[in-house]
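2 protein chains.
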Amino acid sequence: MDKVEIPRKAIYRISIYSRCLRRLSEKGIETVSSSALASAAGVKPAQLRKDLGYFGQFGTRGLGYPVEVLLTTFREVLGRATLQPVILVGAGNLGRALLRYEGFMKEGFEMLAAFDKNAKNIDTSRVPVPVYPDKEMVPFIQKNNVRMAVLCVPAEYGQQVANTLVEAGVQGILNFSPTILQTPDNVVVTRVDLAMELENLSFFIDQ
Amino acid sequence: MDKVEIPRKAIYRISIYSRCLRRLSEKGIETVSSSALASAAGVKPAQLRKDLGYFGQFGTRGLGYPVEVLLTTFREVLGRATLQPVILVGAGNLGRALLRYEGFMKEGFEMLAAFDKNAKNIDTSRVPVPVYPDKEMVPFIQKNNVRMAVLCVPAEYGQQVANTLVEAGVQGILNFSPTILQTPDNVVVTRVDLAMELENLSFFIDQ
DNA sequence: CACTGTGAAGGTTTTCACAGCA
DNA sequence: TGCTGTGAAAACCTTCACAGTG
Chain A
1 MDKVEIPRKA IYRISIYSRC LRRLSEKGIE TVSSSALASA AGVKPAQLRK DLGYFGQFGT
61 RGLGYPVEVL LTTFREVLGR ATLQPVILVG AGNLGRALLR YEGFMKEGFE MLAAFDKNAK
121 NIDTSRVPVP VYPDKEMVPF IQKNNVRMAV LCVPAEYGQQ VANTLVEAGV QGILNFSPTI
181 LQTPDNVVVT RVDLAMELEN LSFFIDQ
Chain V
1 MDKVEIPRKA IYRISIYSRC LRRLSEKGIE TVSSSALASA AGVKPAQLRK DLGYFGQFGT
61 RGLGYPVEVL LTTFREVLGR ATLQPVILVG AGNLGRALLR YEGFMKEGFE MLAAFDKNAK
121 NIDTSRVPVP VYPDKEMVPF IQKNNVRMAV LCVPAEYGQQ VANTLVEAGV QGILNFSPTI
181 LQTPDNVVVT RVDLAMELEN LSFFIDQ
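Protein sequences appear in the order of chains A and V.
Read left to right, the first sequence gives residues 1 to 207 (full-length UniProt numbering).
Read left to right, the second sequence gives residues 1 to 207 (full-length UniProt numbering).
Here it is as structure tokens:
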């Protein structure tokens, strides 16, 4: 029972490696060395090898790693061997933009539907999924076994909606609302806060 | 010359503390203890105290911290005592959504303009800033002393546009393009990759 | 010979624990 | 007494350096 904990940050890097590998795969490249892949991903070769080490031994000494094998492994690691269903809550400006953003679909998640307090009055042009009133959210989650949600509601509703999501069975929340959510330990929340990212940049700039 | 390096992550937390303090300030609360503020921000009290310690001594033992003093200090720390000018490059779906998103403005950044390869054919309804063709970008940056840019161009143009930005004098890039940018050491890049965040969540979810 | 796999070293960040002060 | 400020300890993560191997 090897319970060597995998660093949280390593998981992020696995996503990056996946991207790079996909590009290599498209070009028909079959083998890649740790130094080549690392430099494409913007990390040190040793780091890449360590990261791979958490999941097994994939390389051939003197040669490198087989691109396809790594890709398959990573897909499994990232829980994306099968399409993950996702919903979005809060179809305001930001929410709708995310729905329209092809990036989600492309990367193998299935955005099933969006929910909004005010579903009827929403401009759904070029939004590729249905937008339902929030009342229908809980039954929908349960029926479709949804485990992940993207939260784009205004700050004042963030916690309340998060509670509802968690009760309905959601285990992962990508939180675009500028609130700190209090959730049980078994629920994972990732915050994406645009203003905060700017503030942070601003700190590291001279003058 | 106290060269105690401030952890990068501490700066993120300072942004969070600022948010919480602003709310306290609006409620007319004048003093807050480390444990109260920490729990609002979702961190441990000791962590908060350490973070504050990087910037000085603000508290009164037995009492807590003065809300307004902390707020002013943080504003200075985050380089937001004055309004920071920002531009956005790439006014596609995501770019336009970010432009429309009031969050940026509210938080004290000044989004001056957007630039796009194809500025003429862009739907600028409800976009509150002008969208110019990319040719005008470099002179604009220099004239307005722009130091920060939000990058929303497709992956294949990311590096090229970043190079142009850096040459023109930009020192901080908030990168929404799914590319790893290679930039000089004095330039700070923060990546926000929506698909990656979802993948990451997906890993931490059971089953 | 070129590259992987990995223990050990080094660095950074978080947490503890308690002295010190209003 | 209640809370801050902070060294020291612990946890965590990265990098080094080299043995091992196709």
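We treat Cβ as the ideally placed atom computed from N, Cα and C, and that holds for glycine.
Here the structure is a predicted model, which is why all the values come from computation and not from measurement.
Per the C-alpha coordinates, the member of Leu24/A, Leu63/A, Cys20/A positioned closest to Gly42/A is Cys20/A. Two segments are said to touch when three or more pairs of C-beta atoms, one from each, lie closer than 8 Å; by this definition the stretch 2-16 of chain V does not touch the stretch 156-165 of chain V. Excluding sequence positions up to five before and after Asp185/A, its CB lies less than 7 Å from no other CB in the same chain. Each of Gly95/A, Val67/A, Pro66/A was checked against the Cα of Leu194/V, and the nearest Cα belongs to Gly95/A. No Cβ of chain V is located within less than 8 Å of the beta carbon of Val127/A. Inter-residue distance for Glu30/V and Ile122/A is about 41 Å (C-alpha atoms, whole angstroms).
Closer than 8 Å to the CB of Gly64/A there is not a single CB belonging to chain V.
In chain order, Ile11, Tyr12, Ser15, Thr190 make up the part of chain V whose C-beta sits under 7 Å from the C-beta of Asn200/A. When DSSP assignments are scanned along the stretch 111-166 of chain A, the uninterrupted stretches of beta strand (DSSP E) that are 3 or more residues long and fall wholly within it turn out to be 131-133, 148-151. One finds Glu197, Leu198, Leu201 in chain V with Cβ atoms closer than 7 Å to the Cβ of Leu174/A, taken in chain order. Going by C-alpha positions, Leu78/V is about 15 Å away from Gly56/V. Across the stretch 157-185 of chain V, CB contacts with chain A closer than 7 Å involve Gln171, Gly172, Leu174, Pro178, Ile180, in sequence order along the chain. Note on the stretch 33-92 of chain A: whole beta strand (DSSP E) runs with a minimum of 3 residues are 84-89, in chain order. By the 16-neighbour rule on beta-carbons within 10 angstroms, Phe58/A is exposed. Taking CB atoms only, Asn144/A has no neighbour in chain V less than 8 Å away.
In this structure the stretch 67-74 of chain V does not touch the stretch 81-96 of chain A; the number of beta carbon pairs closer than 8 Å is below three.
Phe109/A carries a strand assignment under DSSP once its states are collapsed to helix, strand and coil.
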